[in-house]
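These notes concern the structure reproduced below.
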Amino acid sequence: MSDDENSATSDSTKKPFFAIDAEDLGDFTASSDASTSLPPAPVMMGTLSGAATPSEPQAQENMNPWGSATPQMTGNVANINGTFPLQVPAEAVKSAFRWGQFFLGLLFPWVVFIGIVIVAGALDGTQDEHPDFSRSAWVSMEPDENGWYVQSVDRTQGESMDFHIPIEYINNNAWTNVYCSYHPYDVEWQNNGKVVEESYSPGSRITQEVIGEYTESNQTVWFKLNESHTPSTYDVDIYYFDEEASDAYWEEQYSNLDMVDTFLFCGGPILFIVSTIAAFVKGNKGLGIGLLCSIPMAVIMLPFMFVLLLLMYGF
190 MSDDENSATS DSTKKPFFAI DAEDLGDFTA SSDASTSLPP APVMMGTLSG
240 AATPSEPQAQ ENMNPWGSAT PQMTGNVANI NGTFPLQVPA EAVKSAFRWG
290 QFFLGLLFPW VVFIGIVIVA GALDGTQDEH PDFSRSAWVS MEPDENGWYV
340 QSVDRTQGES MDFHIPIEYI NNNAWTNVYC SYHPYDVEWQ NNGKVVEESY
390 SPGSRITQEV IGEYTESNQT VWFKLNESHT PSTYDVDIYY FDEEASDAYW
440 EEQYSNLDMV DTFLFCGGPI LFIVSTIAAF VKGNKGLGIG LLCSIPMAVI
490 MLPFMFVLLL LMYGF
């Protein structure tokens, strides 16, 4: 029993293999330092003094394996008196708002717009009257022995033609008319170039009857009245209007107006935007703000423009 107890006691005093205490670490470090640490080798970095003097011991010179020490860094000690000149930047002066530029940007766009309108109205007033593209010719229409009316007309290419013949009026209540209208470009109208007799009597509707037509190939108008009317001679005013010349003239007039409209309504906004951006980029803040404020000013200026146009062109 005593042997078993002694073996148990000795086993209990043994430490496990993973139990490492401070003593073990100290012994390991001491043994490692003793076995591996060596003194550092001397390295020559230079000196701050001059070469070795004869009074220095010979052993001190032999300590330098590269020979006698030579100066590596030289210089003089600077003297500072304690004062340093510092340049203080000038204080920024805040500039005043430029009211002149503001009112220029506020009013200038409207002055330009109103000026263009006034100049355009003045130029329109100085122009000659528009040319008259109409003409008329009186003719006497007589029936032949069969009651037919045949009349030659002098219509040129591109002209329209109209005439009207009052046949009979009875106490301004019943009437009969004969008319003819020809328009070279109105080809879809079914009565284009037809001679129509139109009658009305109290208690009835207006009646229309085609009694003839205009023949373009031989420039002749021919028709025959209804049998209820006695043929007689009529003085007729034939009206001509040059449709082709009128269309060409007004197309030219409208093209000139289109140029003005394009400048005002297309070039104007682009010029306004570019001017506003340029004002801010160049530092003209007052001018830029004035241009922006001219936009809501339209609440005042548009009624003023309306009154101005009424005064220019009449009520």
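If you read the sequence shown in the numbering used here, its first letter stands for residue 190, the second for the next number, and so on. C-beta: ideal position from N, C-alpha, C; glycine also. This structure is a prediction, so every number in the text was calculated from the model and none was measured.
Contact between Tyr403 and Met330 is absent: CB atoms are separated by about 13 Å, not below the 8 Å threshold.
Less than 8 Å divides the Cβ of Phe291 from the Cβ of Ile478. The beta carbon of Leu453 sits closer than 8 Å to those of Phe302, Ile305, all from its chain and outside the five residues before and after it, given in chain order.
Three or more Cβ pairs closer than 8 Å define a contact, and the region 414-422 falls short of that threshold against the region 432-443. Residue pairing by DSSP places Tyr403 opposite Val410 in a beta bridge. For Val328, the enclosing beta strand (DSSP E) starts and ends at 323-330. Listed in chain order, the non-local C-beta contacts of Ile395 below 8 Å within the same chain comprise Glu387, Ser388, Tyr389, local neighbours out to five positions each way being set aside.
Taken atom to atom, the span from the alpha-carbon of Glu440 to that of Thr465 is near 37 Å. Ranked by Cα distance from Phe352, the first of Leu491, Lys413, Val342 is Val342.
In the structure shown, Val384 adopts extended strand secondary structure according to DSSP, grouped into three states.
Residue pairing from DSSP places Val367 in a beta bridge opposite Ile354, Glu386.
Between Tyr368 and the set Lys413, Asp321, Tyr443, the nearest pair of CA atoms involves Lys413.
For Ser464, the enclosing alpha helix (DSSP H) starts and ends at 457-470.
Here Tyr371 is buried: its Cβ has 16 or more other Cβ atoms, across all protein chains shown, within 10 Å. Approximately 6 Å separates the beta-carbon atoms of Ile356 and Asn366; this is inside 8 Å, confirming the contact. DSSP places Trp288 in the helix class (H, G or I) of the three-state scheme. In this chain, the alpha helix (DSSP H) harbouring Ile478 covers 474-482. Annotated as proximal: Ser325 and Tyr429, with beta-carbon spacing under 8 Å. Looking at the backbone, the Cα of Leu476 and that of Trp299 are separated by about 14 Å. Pro391 and Ala363 have their alpha carbons spaced roughly 6 Å apart.
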